[in-house]
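Residues in the sequence shown are numbered from 0 upward in steps of one, following numbering that gives the first Met the number 0. Structure, as structure tokens:
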Amino acid sequence: MAKINIFTDFKIKNIHIKNRIVLPPMVRFSLVGNDGYVTEDLIEWYGMIAKSGVGLIIVEATAVEEIGKLRENQIGIWNDSFIEGLTKVANEIHKYDIPCMIQIHHAGFKEKISEVPEEELDRILKLFEEAFVRAKKCGFDGIEIHGAHTYLISQLNSKLWNKRKDKYGEYLYFSKKLIENTKYLFDDNFILGYRMGGNEPELEDGIENAKLLESYGLDVLHVSSGVPNPEYKKQVKIDNFPKNFPLDWIIYMGTEIKKHVNIPVIGVSKIKKENQASWLIENNLLDFVAVGKAMISQDKWMEKARKDFNKKLSN
Numbered sequence: 000m001a002k003i004n005i006f007t008d009f010k011i012k013n014i015h016i017k018n019r020i021v022l023p024p025m026v027r028f029s030l031v032g033n034d035g036y037v038t039e040d041l042i043e044w045y046g047m048i049a050k051s052g053v054g055l056i057i058v059e060a061t062a063v064e065e066i067g068k069l070r071e072n073q074i075g076i077w078n079d080s081f082i083e084g085l086t087k088v089a090n091e092i093h094k095y096d097i098p099c100m101i102q103i104h105h106a107g108f109k110e111k112i113s114e115v116p117e118e119e120l121d122r123i124l125k126l127f128e129e130a131f132v133r134a135k136k137c138g139f140d141g142i143e144i145h146g147a148h149t150y151l152i153s154q155l156n157s158k159l160w161n162k163r164k165d166k167y168g169e170y171l172y173f174s175k176k177l178i179e180n181t182k183y184l185f186d187d188n189f190i191l192g193y194r195m196g197g198n199e200p201e202l203e204d205g206i207e208n209a210k211l212l213e214s215y216g217l218d219v220l221h222v223s224s225g226v227p228n229p230e231y232k233k234q235v236k237i238d239n240f241p242k243n244f245p246l247d248w249i250i251y252m253g254t255e256i257k258k259h260v261n262i263p264v265i266g267v268s269k270i271k272k273e274n275q276a277s278w279l280i281e282n283n284l285l286d287f288v289a290v291g292k293a294m295i296s297q298d299k300w301m302e303k304a305r306k307d308f309n310k311k312l313s314n
């Protein structure tokens, strides 16, 4: 069997992904106005990244309501007037034959999540469901649920913050209901992903969450950070991080979670070079590697990765 590398293709259902490099959802505040609408600059930027030959693009966190934004200048999907601009983004990416998903997001209530009325969470759940319908109309190849980074769904998944006594206090209830209620939208040409906190608050919790989420019918998991245990004062927010692991602790969580699920896993965090991504893929530690900030600062990242990869082959 041929050895897998970062330029080996992959299929998730009918979605053909040409290589293992993913542009993760990077909120491009500088390219968006306060009204939440897609701008020409944003369309152009996504087109440039697609043209560079990345395998999969996950369009940035898109808010399900205005008060759910994490900052004023964040794109939205809370009514049908946003469909036109988001469709242009999907079309621009598809010009280069690159599949794209869109991340659906609500900033939430931080550590006050337990105080939010049940009816309010019912209302927001409905907003997510409506946003999913719009996202499909826009022509994206799939949706990524934002369940990481201490935002709404991460707050609800957090054993530290979620002390609710109602249905939303049940483990992963919001996520489960959202996936169940929108199942009818998903088929072989429209896939569902989930960006999860690998530490919610510990890696063991992340592993359990990943297994549960897989059982709800996800197509792909994207492992990032969650609500950390405040007792970790250092940069590394998990226990037993191996000293000999050469990359970031967040990427490490993705490699550990991959051992416990059968669906593909995207890992992310501080990947800057081709050889780092190659090490993860060639050793079957991850299925996909997300390159975010390095792709923003260096729009020719894919070009350089190809050169570096080919140079190694010829040596």
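Idealized CB from N, CA, C, for every residue including glycine.
Of the residues the options, the one placed nearest residue i, counting alpha carbons only
i, options, result
"Arg133", "Ala89, Leu284 and Asn33", "Ala89"
"Asn188", "Ile5, Cys99 and Leu171", "Cys99"
"Arg194", "Ala304, Leu120 and Gln102", "Gln102"
"Lys10", "Lys269, Glu59 and Leu55", "Leu55"
"Ile112", "Lys162, Leu69, Arg122 and Lys271", "Lys162"
"Ala130", "Lys258, Glu143 and Asp8", "Glu143"
"Tyr231", "Asn198, Ser223 and Phe139", "Asn198"
"Ile265", "Asn283, Asn274 and Lys272", "Asn283"
"Tyr95", "Leu120, Ile5, His259 and Lys50", "Lys50"
"Asp186", "Glu169, Lys135, Leu212 and Glu43", "Lys135"
"Ile206", "Lys164, Tyr167 and Asn261", "Asn261"
"Leu212", "Lys233, Glu71 and Lys257", "Lys257"
"Ile250", "Asp165, Lys242 and Val267", "Val267"
"Phe81", "Leu279, Ser214, Val37 and Ser313", "Val37"
Pairwise C-alpha distance: residue j and residue i
i, j, result
"Ser174", "Gly52", "32 Å"
"Val235", "Trp248", "6 Å"
"Gly35", "Glu64", "10 Å"
"Gly291", "Met25", "7 Å"
"Glu203", "Glu39", "43 Å"
"Glu255", "Ser157", "19 Å"
"Gly141", "Ile237", "31 Å"
"Ser29", "Leu217", "32 Å"
"Cys137", "His145", "18 Å"
"Asp79", "Ala147", "26 Å"
"Leu177", "Glu128", "7 Å"
"Gln154", "Lys311", "44 Å"
"Pro116", "Ile123", "11 Å"
"Ala1", "Phe139", "31 Å"
"Trp300", "Glu169", "43 Å"
"Asp121", "Leu22", "32 Å"
"Lys233", "Pro241", "15 Å"
Start and end residues, beta strand (DSSP E) containing residue i
i, result
"Lys258", "Taken as a continuous stretch (DSSP letters only), Lys258 belongs to no beta strand (DSSP E), as it is neither H nor E."
"Gln234", "Neither: Gln234 is in no beta strand (DSSP E) and is coded neither H nor E."
"Thr61", "Leu55 to Ala62"
"His221", "Val219 to Ser223"
Cβ pair residue i, residue j closer than 8 Å
i, j, result
"Ile20", "Val288", "yes"
"Lys12", "Ile190", "yes"
"Asp298", "Pro263", "no"
"Gly107", "Leu151", "yes"
"Pro200", "Leu171", "no"
"Ile92", "Met294", "no"
"Gly192", "Val222", "no"
"Phe308", "Glu281", "no"
"Ile42", "Ser277", "no"
"His104", "Thr149", "no"
Bounding residues of the alpha helix (DSSP H) (the contiguous stretch that carries residue i)
i, result
"Met294", "Lys292 to Ser296"
"Val45", "A quick correction: the sequence has Tyr, not Val, at residue 45. First-last of the alpha helix (DSSP H) with Tyr45: Glu39 to Lys50."
"Gln317", "This structure cannot settle anything about residue 317, because the visible part of the chain is limited to 0 through 314."
"Tyr172", "Tyr172 to Asn180"
### Message
Pairs of beta-carbons, one from the stretch 176-184 and one from the stretch 226-235, closer than 8 Å: are there three or more?
### Response
no
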